[in-house]
Amino acid sequence: MAQYLILIYEDQNAYVENSPEVWQQAMKAHAQFAEQVGEKGGSIVGGNALQATTTATTIRGDVVTDGPFVETKEALGGYYLIEAANLDQALDIAKLCPAPYGGVEVRPVLDTPS
Amino acid sequence: MIDPASIRAALADTHRREWATVLSATVRVAGSLDLAEECTQDAFVSALEAWERTGIPRNPAAWLTTAAKRKAIDAHRRDRTLRSKLPLLIEPDGGTDVAAEPSQHPVIGDDRLRLVFTCCHPALSREAQVALTLRLVCGLTTPEIARAFLVAEATMAARVTRAKKKIAAARIPYRVPAAHELPERLDAVLTVVHLVFTTGHTAPYGDALIRGDLVGRAIELGRLLVALMPDEREARGLVALMLLTDARRASRTDEHGQLVLLEDQDRSRWDLAAIAEGHRLVLEALRGGRPGRFVLQAAIAALHAEASSHAATDWRQIVSLYDLLYQAWPSPVVLLNRAVAVAMSDGPAAGLAAVDEIDAATLAGYHYLPATRADLLRRLGRLTEAATAYRAALSMVDNETERAFLRRRLAAVQFAVGLPPSDG
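Protein chains in written order, with the working numbering: chain Y, 1 to 114; chain E, 1001 to 1424.
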């Protein structure tokens, strides 16, 4: 088994402007996702939704600035750290991850020799 | 003493037919694509000297596989850290005996399929998929692949290395996809093979010999896929499409190397045997259910191939097939080709209307769009507009033969209208 990070990128306006229903939908979808991961043979090690990019602070060298590292239309909104046997399994799982206003990136975690 | 020339010929022949067999069988022992490739290469080199002494073995592929596996085992013995460099995730396969002779090995076909599906994994870029397939499945050398795609050798070598690194780092598994993934994964493989074919088939520029070789390789790869997956109708469709397209090769350019359009091609120079086989494969592939995009493209090619002339072609049927193709493959290129068929069945005005229905943004930079409009406008007698469209097409075309063709058309239109000759 190896670890992969699923990074969720979405247009934040979809969540900011809209009603509590949008949030509720998202919560339901993520709960469903968590159940499905096990069925695919993997597991969720951890995961979180992140607060909006307006709350982010970036540091480059010595300089501290307001905002995300890169300003993009679809911003990083959350992540899951999962365990999967191989990339195919990780992709199978990531396809189920809710990201209706954008998409996800799947990145293998670097194996550091113990 | 055995004649060295016949040894070399036998080895070259085995290299062409069995490279994938040897490499894919060596992968399990080697544990990485890199090492498997190196050992396979070395096995072929050592065969040259060994066969001069002992003669050509009865089963050359088996000899080479044994040799390659032995080299892989030796490599691991010499360097125990090898397993950690670019390791390949090989699925444990019930009943697979790593040391078995290939001639007794029942799943030899599966190993080649594992190799093909791994090389064409969607996590790799299309360029990487093509490069890896040509290198690992067909056994083309990096310089050969670089020449075929007109990139520097170092660029191509880096592309292949990056792809192997990604396979190892992201842990792309060495396996044949499960049934539920197969349609999508197979489509990627067929797309890669078709891309190799079209690269070789396009109007000649660069190394003509290499490009002709690509056509042969693509067809051989297609046939291999049909042999290994006889129930996959799309694979059959792809082979049919390639055969039917390649059948027209002799008539595509004239004696000056200039492009000849389908409507002007000398059909007596078409390869009848290839057309017959293509036709048979299309009929086989159409049986048993909903045709996919390669079968449909092949069916369209078959209709062209069996028509005695451009005018006598069953254009109505072709339009219907394009309608089905669009459902299977909603690409604007399909709509454009359909519009050309509509022009033939219902006249250039109807064709132009069909072209103008397409969202031009989806075909930005695609020179066939303005070129098609230009041709239809020309046929409608709207020559000034045709000239504008030809100029637009010229600003986008990247192929010398096609550029020359468009220039001639533009010049003819300008002459007819009395415009001064001027280029795009």
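C-beta: ideal position from N, C-alpha, C; glycine also.
**Sequence ranges, beta strand (DSSP E) only - wholly within the region 1014 to 1101 of chain E, length at least 3** = Segments of the beta strand (DSSP E) lying fully in the region 1014 to 1101 of chain E: there are none.
**Message:** For Y/Tyr79, list the residues DSSP reports as bridge partners.
**Reply:** Mapped onto the first sequence, residue 79 of chain Y falls at position 79. Beta-bridge pairing links Y/Tyr79 to Y/Leu7 and Y/Asn48.
**Message:** Between E/Gln1104 and chain Y, is the shortest Cβ-Cβ distance under 8 Å, so that the two count as touching?
**Reply:** The sequence position of residue 1104 of chain E within the second sequence is 104, counting from 1. With a pLDDT of 40 at E/Gln1104, under the threshold of 50, the modelled position of that residue is not reliable, and the figure given next carries that caveat. By this cut-off, E/Gln1104 is not an interface position.
**Item:** CB contact flag (E/Leu1259, E/Ala1168, <8 Å)
**Value:** Taking the first residue of the second sequence as 1, we reach residue 1259 of chain E at position 259. Taking the first residue of the second sequence as 1, we reach residue 1168 of chain E at position 168. Not in contact: E/Leu1259 and E/Ala1168 (Cβ atoms no closer than 8 Å).
**Request:** For Y/Gly103, collect the residues of the same chain with a Cβ closer than 7 Å to its Cβ; drop the 5 residues on either side in sequence, then sort them by chain order.
**Result:** In the first sequence, counting from the first residue as 1, residue 103 of chain Y sits at position 103. Counting only Cβ-Cβ distances below 7 Å, and skipping sequence neighbours, we find Tyr9.
**Asked** Helix, strand or coil: which one does DSSP assign to E/Pro1230?
**Response** In the second sequence, the residue the question calls residue 1230 of chain E occupies position 230. Secondary structure of E/Pro1230 (DSSP, three-state): coil.
**Prompt:** In the DSSP assignment, what residue or residues form a beta bridge with Y/Ser43?
**Reply:** Indexing the first sequence from 1 puts residue 43 of chain Y at position 43. DSSP lists Y/Glu83 as partners of Y/Ser43.
**Request:** Determine the DSSP secondary structure at E/Ala1311, reduced to helix, strand or coil.
**Result:** Residue 1311 of chain E sits at position 311 when you count from the first residue of the second sequence. Coil.
**Message:** When you compare the CB positions of Y/Leu87 and E/Ala1170, do they come within less than 8 Å of one another, or not?
**Reply:** Along the first sequence, read from residue 1 onward, the residue named residue 87 of chain Y stands at position 87. Along the second sequence, read from residue 1 onward, the residue named residue 1170 of chain E stands at position 170. The answer is yes: Cβ separation under 8 Å.
**Message:** Give me, in chain order, the residues of the same chain whose beta-carbon lies closer than 6 Å to that of E/Glu1357; leave out the 5 immediate sequence neighbours on both sides.
**Reply:** Taking the first residue of the second sequence as 1, we reach residue 1357 of chain E at position 357. If we look at E/Glu1357 and ignore the five residues flanking it on each side, it has no Cβ neighbours.
**Prompt:** In terms of alpha-carbon separation, which member of E/Asn1059, E/Glu1153 and E/Val1160 lies closest to E/Leu1033?
**Reply:** Here the question's residue 1033 of chain E lines up with position 33 in the second sequence. Measuring from the Cα of E/Leu1033, the nearest candidate turns out to be E/Val1160.
**Item:** Status (buried if at least 16 other CB within 10 Å, exposed otherwise) for E/Gln1327
**Value:** On the second sequence, residue 1327 of chain E is found 327 positions in, with the first residue counted as 1. Exposed.
**Prompt:** Between the C-alpha atoms of E/Ala1301 and Y/Ser43, what's the straight-line distance to the nearest angstrom?
**Reply:** On the second sequence, residue 1301 of chain E is found 301 positions in, with the first residue counted as 1. On the first sequence, residue 43 of chain Y is found 43 positions in, with the first residue counted as 1. Taking the straight line joining both Cα atoms gives about 49 Å.
**Asked** What is the rounded straight-line gap between the Cα of E/Leu1336 and the Cα of Y/Phe33?
**Response** As a first step, residue 1336 of chain E is located in the second sequence; it is residue number 336 there, counting from the start. As a first step, residue 33 of chain Y is located in the first sequence; it is residue number 33 there, counting from the start. If you take the alpha carbons of E/Leu1336 and Y/Phe33, they lie about 41 Å apart.
**Request:** From the DSSP output, in three-state form, read off E/Arg1373 for me.
**Result:** Position 373 of the second sequence, counting from 1, holds the residue named residue 1373 of chain E. Looking at E/Arg1373 - three-state DSSP - the assignment turns out to be helix.
**Prompt:** By how many angstroms is the C-alpha of E/Ala1218 removed from the C-alpha of E/Arg1290?
**Reply:** Working through the second sequence from its first residue, we reach residue 1290 of chain E at position 290. Working through the second sequence from its first residue, we reach residue 1218 of chain E at position 218. Straight-line Cα distance between these residues: approximately 25 Å.
**Message:** Along the region 1170 to 1198 of chain E, where does the CB come closer than 9 Å to a CB of chain Y? Name the residues.
**Reply:** Ala1170, Arg1171, Ile1172, Pro1173, Arg1175, Pro1177, Ala1178 and Glu1181
**Asked** Do you know how far the Cα of E/His1076 is from the Cα of E/Cys1138?
**Response** Reading the second sequence from its first residue, position 138 is the one you call residue 1138 of chain E. Reading the second sequence from its first residue, position 76 is the one you call residue 1076 of chain E. Distance between the alpha carbons of E/Cys1138 and E/His1076 is about 26 Å.
**For E/Glu1255, three-class secondary structure by DSSP** = Residue numbering aside, residue 1255 of chain E sits at position 255 when the second sequence is read from its first letter. E/Glu1255: coil per DSSP, three-state reduction.
**Asked** Under a three-way DSSP split, which group does Y/Ala2 fall into?
**Response** Locating residue 2 of chain Y in the first sequence gives position 2, counting from the first residue. Three-state result, Y/Ala2: strand.
**Message:** Taking 7 Å as the cut-off, is the beta-carbon of E/Ala1169 closer than that to any non-hydrogen atom of the ligand NAP?
**Reply:** As presented, the structure is devoid of all ligands, the ligand NAP included, so that no description of it is given.
**Limits of the unbroken beta strand (DSSP E) element including Y/Arg60** = Indexing the first sequence from 1 puts residue 60 of chain Y at position 60. Element bounds for Y/Arg60: Thr57 to Arg60.
**Request:** Please check if any C-beta of chain E sits within less than 8 Å of the C-beta of Y/Leu50.
**Result:** Taking the first residue of the first sequence as position 1, residue 50 of chain Y is located at position 50. The beta-carbon of Y/Leu50 is placed no less than 8 Å from the nearest beta-carbon of chain E.
**Message:** DSSP has E/Val1282 in a bridge; who is on the other side?
**Reply:** Within the second sequence, the letter at position 282 stands for residue 1282 of chain E. Note: E/Val1282 sits in no beta bridge, so no partner.
**Asked** Taking 8 Å as the CB-CB limit, is E/Leu1089 close to chain Y?
**Response** Counting from one through the second sequence, the residue named residue 1089 of chain E turns up at place 89. Taking Cβ atoms only, chain Y reaches closer than 8 Å to E/Leu1089, which makes this a yes.
**Prompt:** Are the region 1291 to 1298 of chain E and the region 1233 to 1242 of chain E touching, with three or more C-beta to C-beta distances below 8 Å?
**Reply:** yes
**Request:** Determine the direct distance from the alpha carbon of Y/Tyr79 to that of Y/Ala56, and round the result to whole angstroms.
**Result:** Counting from one through the first sequence, the residue named residue 56 of chain Y turns up at place 56. Counting from one through the first sequence, the residue named residue 79 of chain Y turns up at place 79. Cα to Cα, the separation comes out at about 15 Å.
**Message:** Is it buried or exposed, Y/Met1, if we count other Cβ atoms within 10 angstroms and call 16 or more buried?
**Reply:** What you label residue 1 of chain Y is simply residue 1 of the first sequence in a count that begins at 1. The residue in question, Y/Met1, is exposed, as its Cβ has fewer than 16 Cβ neighbours within 10 Å.
**Item:** Beta-carbon contacts of E/Thr1066 that lie in its chain and below 6 Å, excluding the five residues immediately before and after
**Value:** Here residue 1066 of chain E refers to the residue found at position 66 when the second sequence is read from its first residue. There are no such residues.
**Item:** Sequence-distant residues of its chain with Cβ nearer than 7 Å to E/Val1340 (five each side left out)
**Value:** Mapped onto the second sequence, residue 1340 of chain E falls at position 340. Here the set comprises Gly1351 and Thr1372.
**Item:** Bridge-paired residues (DSSP) for Y/Glu105
**Value:** Residue mapping note: residue 105 of chain Y aligns to position 105 of the first sequence, counting from 1. In the DSSP output, where bridge partners are listed per residue, Y/Glu105 has Y/Leu7.
**Request:** With a threshold of 16 other CB atoms inside 10 Å of the CB of E/Phe1197, please say whether the residue is buried or exposed.
**Result:** Within the second sequence, residue 1197 of chain E is the residue found at index 197, counting from 1. Buried: at least 16 other Cβ atoms inside 10 Å.
**Beta-carbon proximity check, E/Ala1062 vs E/Ala1030, cutoff 8 Å** = Position 62 of the second sequence, counting from 1, holds the residue named residue 1062 of chain E. Position 30 of the second sequence, counting from 1, holds the residue named residue 1030 of chain E. Their beta carbons are not under 8 Å apart, which means E/Ala1062 does not touch E/Ala1030 by this criterion.
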